[in-house]
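Residue numbers for the sequence shown follow our numbering, beginning at 16 and rising by one.
Using N, Cα and C, we set each Cβ at its ideal position, and we do this for glycine too.
All values reported here derive from a predicted model rather than from experimental measurement.
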Amino acid sequence: MNILFYDYYELNSNNEEVNSNVDPDELANLFILLIDHILNSCSKEEEERIAKIIEGTFTKTIQSKPSSYFFITSKRYNQYIRPAKKFSLSNFVKTPINKSYSNDDIRKKNLKKFRAKSSCGSECNNPENDNKSKKQKSSKNDDILKGTNYSKTKDDWISQDEILVNILKTITLAKCQLSIILFCKLLNGYVFYCKPQLSQSRLKRFVKIDAANYLLTCLKHKMSSYENPTMMKIATVDALAMVTLYLCSKDNKLSIKTRLMGLLPIFANVIVNINCMSCTLNVTLFILRILKSPRNIQSIGRIKGFCSNIINTLSPILQSPSIILSNSISDSIEITKVERLLEIIYCLSKNRKNKSIFVDCGGIQVTKDLFEKYFFQQLNNTSTIQLVNQEICLFLIATIRLFAKTKKSKQILVELEILNMCEKFLSELDVQLSMANDQNVVRRLQSLQDSLCALCMRCLPNKQFFIPSSESPPLKFLVTDEDISGRNEFKSRGFSIVNKNSEDISCTAALLQKCTSSNHNSMLNIISDNQLNETIELRLSSSTILEGDCNDESNDSFNFNNTLLLSDSDDDNIDEEDEAIISSQCSAEFSPSAIDLDESELLTFDDEDQSENVSGPLNKKFSTPKKSKKNQGKNPKPSNSVEIFHQSNISKNEIKENYCKYFEEYYKGKINDNKQNLHIDYTQTITLKCNETCSVGKFVKIAYPEYVNPDSHSSLDEMLLANNEAMKNMIKDNLQRHNCNDNKIKSSQKSVYPRLVYNLDDLVMEESNTGKLSNTDKIDVGIKSQEHDHLVFESRFESGNLRRAYQIDSNFYQLIISPDINQKSHHYQWFYFQVSNVECDREYVFEIVNCLKSTSMFSHGMQPVMFSVTDSLNDPKKGWHRTGTNICYFRNLYTLNSKNGEVNENDDKGADKVRYFYTIRFSITFKHQNDICYIAYHYPYTFSYLQATLERIISVKKSKIYYRIDEIGKSLNKNSMKLVTITANPFDDKREIIVISARVHPGETNSSWIMHGILKFLFDNENEEANLLREKFIFKIFPMLNPDGVINGSHRCSLSGNDLNRTWHNPIKNIHPEIYHSKAVIQYSVDILKKKPFVFLDLHGHSRRSNIFIFGNNPEESWLDDDNEKINDQFMKLPEILDNTSSAFSLSDSRFTIAKSKESSARIALWRQFGIERSYTMESTYCGFDKKDYKGKQINISHLEKMGIDLCLSFLAL
């Protein structure tokens, strides 16, 4: 918790610590006495007298003891006995109101509340002991308990909610400011000084009783007359702001309630007067929390004169003397308040109109001058002040980068010579980085350096992207006529589709022009469940989305689906400007407090403005959207045509008939295994499997790593890469190229660059070799091409993904990766290609220029992976390894839909919003002349390699193992979908079932390597631990849920264009066969065998975090209030076991929230429909580790396989 104004200004009258062994019962009675007086409208003098007594007792030492809060709740009972008469807390302690008590008087009276307390142990449950205790104390307490009749029936008990509500009422009714401060401390301690899980539960309880309403009411009352406040009034407002911020951190409607309560105009006045003492740190933090809402930013920006006044507020700061050394905590507070003000301006600048006013009022000049001031301050000094100055610089640069989004602002920045300023400060940062030793300081300086580089990029002119948005992708998959039945099934459920995406319509039309007439209708029948969900969400929140002035400019990510579901995975998006600040704050010693928020939530906007229905229940499935001005007069279709929680359920007859064969072990009991050990040549097996694989585009070869077995690798623990110079070198290159282009334009010179050297669009039109796939790299390596004077690229092999390659300079190439086939929304991340005709000892620069995510682990030490054919021939153990230097990730100059390459003032609105791309940049110096190398985002794992692995596994006789590999169906492109069953031989039907799946997202190859480790371990006939696992469990494994996506090099989607991990709630057989059949197998286990899976685990990869971690389901952290009534005490057991046994697993990175946007994912859909308590998503980093034994190392294949083994062993502990 943050420090209170009341404490750091020592406003308390009694500074001496009393005996720390204060009886909790005595403290409880003091608080209850004060509550009693306030609720009974006693005089202010009486209230203040009791409050001062409590102040002397309720010291910091006492506050830190959990026993001090037992009177609010009992560890055993959670309820108090209610008197028979009308409820009033005065009945707990019967004492005359008109008599004044000193501290000694109250102790002598021994005022004890008659209650069930946890400290009394088992005697509290025994009526005889209770009666005996009453007789012994009757002489002392007759005057207290006289006239108090009680009942032990449950109906007369006082619930914990009632007690908390009365404390909140007391805060609103208190006349004495000291009383409010004490109760704020009490509630803070009640939540803070307990176990983390209990703390989360208590925060949810405050949401349930609507604590925000009470606290905001009191806060508004205290701040309404806030001119020239006394120190105690400032302390009271500070305490209220802190307790509201903390206790209501789980309240998704806090921003709406604050706005409707009318606090925004008050906050606007506070912000303008932030330099005054009346604006405390906790108040500014609360304002920042409220400004996470785009609607609040819009509303507060519309207050007349506010935006111009806040810029004027910066002038005194610019002229104030610098704080070089922190001589007191007051100095730290003052400079931190400056930081908060700049953070507020940064948040306000995310609104288009606010930003425009700031620019018109000279905000660019002021922020630039402030940056220069604080940049030089952070050069000079020491510890805390230096860190705060660095954060101030980060906020200033982030704000200027927001300003630079429009043509007008960019012109002003150019006139202010911002590029020269950045170049000068980058040189200064080089010196600082060379002298810095502390990792926290280095991280901040690197963030500041990267932000300056990004600002330089913003000030350079934008470029039109190489490929027009209207151009069709090179590969298309036409859904066959038999899938029309899927559309009919879809319609029969009463679903309606509204295609709101004009760009998707144009793209589809372009595809249809190339389709034959016989397939025309088939293409129209591709139905997207994601589009359905997005349409429903759009209807439910149309008032939010259609507000033109409420746009969030913070997200530069490329997303054509203008819905609330901007992120459709657990791998959520983070704003580019926010990323630099967040990465800096993670190590701050004096940084803003994250009140129970994830890092990604520190500075990003809320989704709480989706509905203005504050009074209604938060868990309504449907609400009638308020018509916006743009939609007045229109009658939207009723949103209740589809239930959000509709779960598909296959009939029992179909389940029994079609899926019984996948559970043969339950009916045959023992396998008839007459197999002998067979020697299978790997090269022959992989060649056979590659030629059996069905792809959309024609392949021309088998990639060499698959041809020689990618599992043959050396276990090198490569450290995370430090790239201090990468962004700076990138900026130098761009500035130099920009100047050269200007000179060539002036001199009318023509350049041979950029030169297209690889174009998949043209290659797919050529007639390719239809012969048997193989690999000739062993023959071709070392031979220089006579036809080309540049690098030669190829990606027409399994999982390959490269669309175009442009040579920009002699050793500089820009690459464009292919989209997911038939994708409904855009996904660009996975890349895998071959490069040859290389020269040794020459540095080549590669830029992948059409990435979409605004942040990446490539900015945090991650490297791509490379496989060298020459290295493999020299040493077969040398396989995939990390490579690349000068690696960085940044927003580039390419835009998809800007006009004439420039951004206009109105380009931030609606469909005209400019879409920016991001670049992965890395340099490689090849070791061998004319080597053939394969470069990928992460360690590739193909469908054919899985098939070959399974083939080799079953070729060896395994007497102790009962196993079976079934084909549960065919994918859309007729590739086999496998189900692997593993248990001990002989079979025992009493064993629990564990279900594990992987690779629903094709680009997440790390999930397949974990699965590879699981399969190798479970099929180990000699390992005793593996044998023990097989004797205890039956494993049902789906090793690759999306084979089509994997084969064709997609990142996220299947050939239907859907994210299959958003279809588990309602998969359609002919559109999502992979999920339909997989879910049917689980349903058979639940409905027919009456065996609910003991564990369900879905393996994934995460591109924005380090370590390996888990997402689980905690009903108390669900968006749906009804889930709070469900009991799930099992969800934490597996992650806790893994945290104790696995060096790669991180419990602190794991999350257990149930988000509305994830309802259709496997983790939540199977938990909700089948009641699988241990239903998880396991996420693995692509990058590396920042904890435990592997800290500072990049993840490799060995780590991933070891994680698979650790996961299996953790099941034994369950």
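Taking C-alpha atoms, which residue in the options lies nearest to residue i?
i	options	result
V285	L296, M276 and L275	L296
N369	I794, F932 and N311	N311
N324	L278, L303 and F373	F373
T870	L197, I415 and R906	R906
K423	G377, L448 and D696	G377
P336	I318, Y389 and D1059	Y389
V880	W845, C57 and L201	W845
M1234	F958, M1055, G815 and N243	Residue 1234 is absent from the structure shown; the chain starts at 16 and stops at 1229.
G1207	K975, T259 and N1122	N1122
V180	C294, C209 and R220	R220
M877	E733, N228 and K237	E733
K1084	E858, K190, E669 and L202	E669
Assuming contact is defined by CB atoms lying nearer than 7 Å, are residue i and residue j in contact in what I supplied?
i	j	result
I947	Y904	no
Q1209	R770	no
L806	N706	no
I746	C468	yes
D384	M742	no
S1165	F1124	yes
R811	S833	no
R967	I695	yes
F1146	F1167	yes
K1047	N945	no
G1060	G815	no
T1156	A963	no
G1127	K839	no
K1051	V1010	yes
I1008	K1106	yes
L444	L460	yes
I1090	L1075	yes
S79	P39	no
A66	C191	yes
Which of the three DSSP states, helix, strand or coil, is assigned to residue i?
i	result
D1003	coil
C294	coil
E854	coil
D824	strand
L193	helix
I47	helix
Q751	helix
I589	Low confidence applies here, because I589 scores a pLDDT of 49, under 50, leaving its location unreliable; read the following figure in that light. Coil.
F1050	strand
M803	A quick correction: the sequence has His, not Met, at residue 803. It is coil, neither helix nor strand.
M734	strand
E62	helix
V446	helix
Spell out the partners DSSP gives residue i in its beta bridges.
i	result
A951	Y847 and V880
H896	M881
I831	R819
D1074	According to DSSP, D1074 bridges with nothing at all.
K478	Y909
N774	R819
K1208	M734
The stretch 469 to 489 / the stretch 893 to 913 touching (three or more Cβ pairs under 8 Å): The stretch 469 to 489 and the stretch 893 to 913 touch, with no fewer than 3 CB-CB distances between them shorter than 8 Å.
Within the chosen definition, does the stretch 1192 to 1200 reach the stretch 1115 to 1132 through at least 3 CB pairs nearer than 8 Å? yes
Three or more C-beta pairs below 8 Å linking the stretch 1093 to 1106 and the stretch 664 to 683: yes
Within 8 Å, do at least three Cβ pairs link the stretch 404 to 423 to the stretch 355 to 366? yes
For the stretch 262 to 280 and the stretch 349 to 356, state whether three or more C-beta atom pairs, one from each stretch, are separated by less than 8 Å. As far as the Cβ criterion goes, the stretch 262 to 280 does not touch the stretch 349 to 356, which means the pair count is below three.
Would you say the stretch 223 to 235 touches the stretch 175 to 186, given that touching needs at least three Cβ pairs under 8 Å? yes
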